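Peer 1: Quick one: the structure is below, and I'll ask about it shortly.
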Amino acid sequence: MSEVKTEETTFERRRALRVPVAITVEVRDARGFSLHSSKDLSAGGVFFDRAIPHPVGAKVSLTFTLPGDVDPIRCDGEVVNVPNAKTYGMGVRFQDLSQDDLTRLLAFVQAHMT
Numbered sequence: 001m002s003e004v005k006t007e008e009t010t011f012e013r014r015r016a017l018r019v020p021v022a023i024t025v026e027v028r029d030a031r032g033f034s035l036h037s038s039k040d041l042s043a044g045g046v047f048f049d050r051a052i053p054h055p056v057g058a059k060v061s062l063t064f065t066l067p068g069d070v071d072p073i074r075c076d077g078e079v080v081n082v083p084n085a086k087t088y089g090m091g092v093r094f095q096d097l098s099q100d101d102l103t104r105l106l107a108f109v110q111a112h113m114t
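Okay, structure coming up:
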């Protein structure tokens, strides 16, 4: 019973629909840049399951191109989720998305809902 409650709680915390997609994302911070592959993507953010996490609250800049698109999306982000200290991974919430980029993200997510 507690597993169901945990899944519901996790689902309720998510503000945007997510789709599983592996895209390469350039992540920049004060130390430089690195490339990470996404696990899932929404109009609100991205999760990397194999990234060495930045601390929660860290500010990063992101650049990526949606599959089938040619224009990259560039935005700032904030690390909002690091699953635990024993695993890799981090969730980054998008900040300062242009209206055009938000529209493209929403269309991509809607088109790839399973």
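Mapping to my numbering: the sequence shown position 73 is 73, numbers consecutive.
Yeah, the Cβ is synthetic: ideal placement off N, Cα and C, and Gly gets one too.
None of these values were measured; they are calculated from a predicted model.
What residue range does the beta strand (DSSP E) around VAL60 cover?
Peer 2: Unbroken beta strand (DSSP E) run through VAL60: 59-64.
Peer 1: What residue does the beta strand (DSSP E) around THR24 start on, and which one ends it?
Peer 2: From DSSP, the beta strand (DSSP E) with THR24 extends over 24-29.
Peer 1: From this set, HIS54, PRO20, LEU62, VAL56, which residue's C-alpha is nearest ASP76's C-alpha?
Peer 2: Of the listed residues, the one whose Cα sits closest to ASP76 is LEU62.
Peer 1: Considering only residues of the same chain and omitting the five flanking positions on each side of ALA58, which have a CB-CB separation below 6 Å?
Peer 2: Closer than 6 Å at the Cβ level, and outside the excluded window around ALA58, lie VAL79.
Peer 1: With C-beta atoms as the reference, is SER38 less than 7 Å away from ILE23?
Peer 2: Yes.
Peer 1: Buried or exposed, going by whether 16 or more other CB atoms sit within 10 Å of the CB of GLY32?
Peer 2: Exposed is the call here.
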